[in-house]
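One structure below.
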Amino acid sequence: VYCGSKAQLSVGNVLPLGKMPEGTVMSMCEDKASDRGRLARASGCSCMVVGHSDDGKKTRIRLPSGSRKTVPSTCRAVVGIAAGGGRMDKPVLKAGNNFHKYKVKRNSWPRVRGCCMNPVEHPHGGGN
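For any residue, its number in the working numbering is found by taking its place in the sequence shown, counting from 1, and adding 24.
See the structure below:
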């Protein structure tokens, strides 16, 4: 694994976006120069170089969401896709796995329906 503007274009190497040709798939892309990678870091995610500006100072990339973003060409990125793709393909199977999954994220599980609540707790609550 090599890092720098003179590194060759192979999987795992870190290069500035200005040195990558259009259509290059990369991950862990920087948003601003030397911010250590902010974009496309989740498992199986990747960005793609869409194009370079005429003066060579800006590069247009396609994010995993599909939106396009213009970043400075001095920003660096790792060539290739982030590891761990297909993580969401496996079924959850039991409630305990969901419990631990959402425990580290936020308090959004389990979800109680509004019609099961009291009128003071939700607009749909109450009734018989």
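Yeah, the Cβ is synthetic: ideal placement off N, Cα and C, and Gly gets one too.
query, result
"If you reduce the DSSP assignment to three classes, tell me which class residue 68 lands in.", "coil"
"Run through the DSSP bridge pairs and tell me what residue 162 is partnered with.", "Nothing can be reported for residue 162: it is not among the residues displayed for the chain, which extend from 25 to 152."
"Based on Cα-Cα distance, which residue from 88, 95, 142 lies nearest to residue 75?", "95"
"Just list the beta strand (DSSP E) runs in the stretch 75-102, keeping only unbroken ones of 3 residues or longer that don't cross its boundaries, in chain order.", "82-86, 92-96"
"Identify whether residue 117 lies in helix, strand or coil by the three-state DSSP scheme.", "coil"
"What are the residues that DSSP puts in a beta bridge with residue 73?", "85"
"CB-CB under 8 Å to residue 143, same chain, minus the five flanking residues each way: which ones, in chain order?", "149, 150"
"If you compare alpha carbons, which of 45, 64, 30 is closest to residue 54?", "64"
"My assumption, with CB atoms under 8 Å, is that residue 109 sits in contact with residue 68. Please give the rounded CB distance.", "3 Å"
"Count the other CB atoms within 10 Å of the CB of residue 27; is the residue buried (16 or more) or exposed (fewer)?", "exposed"
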